[in-house]
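Numbering (the working numbering), first residue to last: 3 to 573.
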């Protein structure tokens with residue numbers, strides 16, 4: 003019987019959650035059901051330690067930093083932070099035997115025994131298939147040999163707190179898991195530990211329609227949310243992979259095709275309920291659209307990849323669905339022409355809703371897989387445009403963008419004729435990753451990565467990356483959100499071939515270094531995860547990484563939360 007991970011790969015176009023949720027609509031004032039912690043989340047000792055830790059980051063000032071990727075840097079900075087002392091395998095797990103013999107021969111480890119006694123046997127799994135699903139990804143370049151020791155399934159914030167207290171007691175690492183669609187090894191388990199799967203926490207908790215905001219749990223998906231609130235004339239505009247859930251979306255500060263118009267995840271979070279490493283429950287702020295009260299804790303937890311706390315509720319801003327939409331595509335003779343068109347549209351100030359790019363290779367994959375049938379595309383570099391607003395504004399924007407496109411050798415626009423064709427045409431971009439996965443020859447894996455650069459560098463960056471891919475000689479493609487300078491590479495390779503794997507890794511690292519030399523970033527939306535830790539250091543320097551580690555040390559002194567992501571654990 004195929005594992006769940008395999009089954010998800012077999013039907014990539016239907017890669018959506020089967021988990022159902024019930025919407026609770028409430029008008030007017032809402033009250034939180036969360037109990038207040040018995041003690042202050044910031045006792046004097048912890049507050050003092052935070053001040054000392056962040057102040058201590060100043061020791062790094064004056065260190066000479068060379069952006070050369072080949073520089074040997076003491077990454078772990080072990081002299082500053084003590085090495086974490088994780089619980090032993092005996093503390094973490096039961097003896098690994100077949101399930102039918104477990105009760106006879108296996109003795110539960112301390113942490114597993116304690117969680118089962120509090121939350122029930124059904125709340126925790128040590129099944130091999132479950133462990134693989136929560137530690138291995140079909141589309142990540144950062145798969146490693148180790149897997150979680152167990153998977154825990156909480157049903158509430160309070161249960162997450164109990165899990166965290168137990169793990170804190172026994173020094174067991176904790177990795178959050180919601181949609182499992184992240185691309186940089188974000189939920190891999192280099193130190194074993196527990197994967198905390200939020201599959202039961204997938205509800206809409208409160209809907210404040212008049213305030214244009216909504217409270218959701220971490221395994222609620224953005225596609226499901228938009229389906230449920232569409233009849234209210236509202237939507238959530240950040241649109242990453244259709245399988246993404248809000249927990250991971252917040253953790254990676256993701257974006258999507260709408261980012262050029264609506265921004266990224268950080269722009270849409272009003273507050274969060276977070277469980278800290280020791281089980282303390284905090285709420286980052288209240289619900290108003292603006293607040294100048296104290297530190298911006300939202301900014302600390304959004305994009306932290308589960309390394310500072312587990313997010314159990316998120317209050318999100320909503321947007322009003324525009325009255326009019328139009329979708330169009332245009333082909334170009336070269337990638338440079340397409341990239342220059344995108345930059346020119348942004349520079350002209352045209353408020354496009356989305357501006358996406360697919361290269362000729364990706365267009366061919368879509369045609370061969372019939373993902374947009376009966377639509378068949380020319381297999382050339384292609385831009386996809388989405389326009390929204392009033393009927394008059396959409397017409398004006400189309401006219402202006404079409405003129406810019408033609409001035410850069412673009413072909414005539416191909417417009418969707420109705421709503422159904424709009425969805426079909428736009429699905430060409432949304433199906434890019436899944437179509438590549440489905441066309442993958444047996445025995446190969448897909449390495450996906452992203453960078454972002456300033457608009458003026460975009461055409462050169464993509465052209466140079468395309469040449470590097472051709473020199474690599476492997477099947478690969480480029481897609482991107484050119485409206486905000488972000489693009490992705492996808493490369494098929496044989497991971498078991500050390501020469502081929504090394505060549506792909508060298509190409510990716512060269513691409514990232516080139517982006518940094520152009521004053522860009524090592525990741526526009528995928529986040530750092532397990533693979534890009536050195537590239538983060540290369541990008542921001544040791545002083546900034548030291549500050550990040552100081553915050554980590556203050557909130558998670560045992561380094562239990564998603565260890566090995568963003569930066570290495572102290573050695």
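Glycine included, each C-beta is placed from N, C-alpha and C at the ideal position.
Pull up the distance between the alpha-carbon of residue i and that of residue j, whole angstroms please.
i, j, result
"residue 402", "residue 416", "15 Å"
"residue 566", "residue 140", "20 Å"
"residue 176", "residue 114", "13 Å"
"residue 518", "residue 524", "7 Å"
"residue 188", "residue 406", "40 Å"
"residue 395", "residue 350", "15 Å"
"residue 430", "residue 296", "44 Å"
"residue 130", "residue 318", "36 Å"
"residue 320", "residue 204", "18 Å"
"residue 506", "residue 312", "33 Å"
"residue 528", "residue 212", "33 Å"
"residue 550", "residue 231", "37 Å"
"residue 263", "residue 353", "7 Å"
"residue 379", "residue 547", "45 Å"
"residue 374", "residue 420", "15 Å"
"residue 377", "residue 423", "9 Å"
"residue 368", "residue 545", "45 Å"
Residue range of the beta strand (DSSP E) that residue i falls in?
i, result
"residue 314", "312 to 319"
"residue 275", "271 to 277"
"residue 215", "215 to 218"
"residue 339", "No beta strand (DSSP E) holds residue 339; the alpha helix (DSSP H) holding it covers 337 to 349."
"residue 360", "356 to 360"
"residue 209", "206 to 210"
"residue 327", "326 to 333"
"residue 284", "283 to 285"
"residue 153", "152 to 154"
Starting from residue i and walking both ways along the alpha helix (DSSP H), at which residues does that stretch end?
i, result
"residue 399", "393 to 409"
"residue 517", "500 to 519"
"residue 556", "544 to 557"
"residue 167", "159 to 172"
"residue 300", "299 to 303"
"residue 113", "112 to 121"
"residue 561", "From DSSP, residue 561 is part of no alpha helix (DSSP H); its letter is neither H nor E."
"residue 264", "261 to 264"
"residue 461", "460 to 474"
Are the CB atoms of residue j and residue i within a distance shorter than 8 Å?
i, j, result
"residue 199", "residue 138", "no"
"residue 209", "residue 316", "no"
"residue 410", "residue 521", "no"
"residue 397", "residue 485", "no"
"residue 291", "residue 273", "no"
"residue 146", "residue 220", "no"
"residue 364", "residue 441", "no"
For residue i, which residues of its own chain have a beta-carbon under 6 Å away from its beta-carbon, when the five flanking residues on both sides are left out?
i, result
"residue 561", "86, 571"
"residue 1", "Missing from the structure shown is residue 1; the chain here goes from 3 to 573 and no further."
"residue 388", "329, 355, 356"
"residue 382", "333, 362"
"residue 241", "258, 259, 260"
"residue 280", "170"
"residue 530", "538, 568"
"residue 133", "149, 150"
"residue 602", "Outside the shown range of the chain, which is 3 to 573, sits residue 602, and nothing can be said about it."
Starting from residue i, follow its DSSP beta bridges and name the residues at the other end.
i, result
"residue 436", "According to DSSP, residue 436 bridges with nothing at all."
"residue 488", "454, 483"
"residue 199", "179"
"residue 291", "Partner(s): none; residue 291 has no beta bridge."
"residue 416", "331"
Take residue i and list the residues in its own chain whose beta-carbon comes closer than 7 Å to its own, dropping the five residues that flank it on each side.
i, result
"residue 487", "454, 455, 456, 457, 460"
"residue 246", "181, 183, 223, 224, 256"
"residue 74", "The predicted model places residue 74 with a pLDDT of 45, which falls under 50 and marks its position as unreliable; any figure quoted below should be read in that light. Hits under 7 Å: none found."
Among the residues of its own chain, which have a CB less than 8 Å from the CB of residue i, if the five just before and after it don't count?
i, result
"residue 366", "381"
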